[in-house]
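Q: Quick one: the structure is below, and I'll ask about it shortly.
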Amino acid sequence: MRYDLAKSGNGLTYEIRGIVEVAKLLEQKGIEICYENIGDPVAKGEKIPAWMKDTIADIVKTNDLSFAYCSTKGDEDVREYLAAKTNARGGAQITKNDIIFFNGLGDAIARAYSSIRVDARIMLPEPTYSTHLLAEVLHASYPPNTYRMNPYDNWRPDLNELERKVRSSNSIVGILVINPDNPTGYVHTEEDLRKIVAIAKEYELMLIFDEIYLNMLFNGKETVALADIIGDVPGISMKGISKEYPWPGARCGWIEVYNADKDEAFARFINAIFNQKMSEVCSTTLPQLSIPLIMEHEEYQGYLSERLKHYENLSNIAYNILKDCPYVVVNRSNGAFYMSVVFNEAVLSDQQKLSIELNDVRDIVEDLTNGSRMENDKRFVYYLLGATGICVVPLTSFFTSTPGFRMTLLEKDVDKFENTVKTIKAKIVEYVESSKCPA
Ligand SMILES: Cc1ncc(COP(=O)(O)O)c(C=O)c1O
């Protein structure tokens with residue numbers, strides 16, 4: 015090229031997918047991979063029920079407009095349906111004009127952060143779901159502002175830290191909450207959420223609540239939606255069908271905007287998001303049209319409850335196996351379908367290894383880990399992959415200095431899952447103890 019055209023990156027990568035490149039390489043060397051990295055129920059074997067397929071097929075067969083562009087904000091009737099559903103909760107009251115559809119929630123996240131002024135920052139949880147962090151850091155080109163989710167307190171957020179940071183920095187304009195949370199599986203309590211709303215009100219901030227997993231709670235946990243408690247604070251709820259239906263390949267998510275009329279700066283921000291959407295015409299039509307038909311289908315709640323029962327079962331299996339594993343801390347997941355395991359302080363070093371049978375595979379893992387200034391939990395994840403084929407995601411790739419890893423609760427075969435977790439437990443011990451001097 016006569017001119018260097020590529021924009022320089024910020025060095026951050028999406029490790030949830032990055033690890034797959036390594037897994038594929040090892041697969042070619044004869045290792046069978048057990049993918050525990052990606053939050054896609056369908057890729058993990060979820061069978062889409064016939065009634066759901068039939069509902070979508072009927073739309074395709076009977077409605078040619080499902081092939082057409084829809085309104086910029088999304089199909090009018092579908093937005094009407096979603097607004098009525100939110101209003102029926104009895105909290106924030108919205109109209110269809112307060113809803114904007116996107117090509118997946120990931121798209122909504124990218125557009126929302128890129129509509130924020132460069133010097134205005136959003137407080138993020140730590141660890142945080144990568145797409146939020148990457149979008150926030152990309153918009154500002156500076157390291158993020160975070161509040162800690164505490165693994166030694168069941169992943170409860172440190173609200174004192176949150177308030178302290180908000181108070182001391184005028185450039186913080188909003189707070190992100192992911193509820194239930196990815197990567198921890200934590201479900202926020204109503205009391206804490208109300209405190210977060212109170213902080214936002216006191217310091218005149220907006221709230222962004224990623225609620226893509228809001229209807230995915232188990233182990234008897236309950237929580238509240240942002241709409242239930244927001245009062246007159248400006249805020250956005252982010253929602254989607256990728257996890258709930260589940261239909262991640264549809265690329266369909268939306269935002270609901272609360273109290274845009276109560277603050278001019280917030281209204282301008284929402285308008286900037288809308289303008290970005292206009293330049294792209296609209297979002298995917300077919301999945302939008304399916305929403306009222308699927309969510310109101312007589313089989314829908316039963317199907318969702320069955321899936322949640324399964325996640326609850328796997329959550330308890332994993333917790334019960336790992337809770338007395340030395341060197342790590344685990345908390346029971348109560349929502350979404352992830353679980354994060356944290357290594358205790360100072361148990362990891364760059365001297366630890368797992369034995370890997372196949373020479374080719376060992377060479378690859380050693381090449382990747384030797385001499386590189388890799389995070390210690392990533393090093394463990396690579397060794398685990400080489401030694402067992404189990405593919406998890408290092409916790410530090412969710413932008414925390416706390417070492418650990420995230421796995422999913424999506425495996426359909428319960429016995430296989432149990433064996434996977436038992437193997438992980440054994441390998442944690444083998445790995446950590448590999449650097450101890452023989453007696
Ligand atoms: C918390 C959270 N928000 C947003 C998304 C993105 O979802 P979508 O598939 O709609 O882009 C994910 C996907 O894993 C997620 O975990």
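Read in this note's numbering, the sequence shown has 370 at position 356, and its numbers run on one by one without any break. Each residue gets a CB set at the ideal place from its N, CA and C atoms; glycine is no exception.
#1: Indicate the three-state DSSP secondary structure (helix, strand or coil) for M15 in the structure shown.
#2: Less than 7 Å between C-beta atoms, sequence neighbours within five positions excluded: which residues of the same chain meet that for T437?
#3: Within the segment 110-191, note down every full beta strand (DSSP E) run reaching 3 residues or more, in order along the chain.
#4: So what's R265 in DSSP terms, helix, strand or just coil?
#5: Identify whether M66 lies in helix, strand or coil by the three-state DSSP scheme.
#6: Beta carbon of I226: closer than 7 Å to some heavy atom of ligand 1?
#7: Determine contact between the segment 48-57 and the segment 412-424, defined as no fewer than three beta-carbon pairs at a distance below 8 Å.
#8: Quick check on F283: buried or exposed, where buried means 16 or more other Cβ atoms within 10 Å of its Cβ?
#9: For S297, write down the residues that DSSP places opposite it in a beta bridge.
#10: Report whether the distance from the Cβ of N196 to the nearest heavy atom of ligand 1 is below 7 Å.
#11: Just verifying my parser: in three-state terms, what is the DSSP assignment at P408?
#12: Taking the alpha-carbon positions, what's the Q315 to D374 distance?
#13: Quick one: give me the first and last residue of the beta strand (DSSP E) that T422 is part of.
#14: Ligand 1 and T145: does any heavy atom of the ligand fall closer than 7 Å to the residue's C-beta?
#15: Measure the C-alpha to C-alpha separation of E447 and K439 and round it to an integer number of angstroms.
#16: Cβ of S354 versus every heavy atom of ligand 1: is any distance shorter than 7 Å?
#17: What's the C-alpha gap between R170 and A264?
#18: Distance check for E90 and F81, CA to CA, integer angstroms please.
#19: Whose C-alpha, out of H311, E313, G254, is nearest the C-alpha of Q302?
#20: Using alpha carbons as the reference points, say which of V355, D72, R346, V356 lies closest to G234.
#21: Just to confirm, does G234 get its C-beta within under 7 Å of one of the non-hydrogen atoms of ligand 1?
A: Once the coordinates are examined:
#1: coil
#2: T402, I404
#3: 113-116, 135-140, 159-164
#4: coil
#5: helix
#6: yes
#7: yes
#8: buried
#9: According to DSSP, which records beta bridges pairwise, S297 is partnered with nothing at all.
#10: yes
#11: strand
#12: 48 Å
#13: 418-422
#14: yes
#15: 13 Å
#16: no
#17: 33 Å
#18: 16 Å
#19: G254
#20: R346
#21: no
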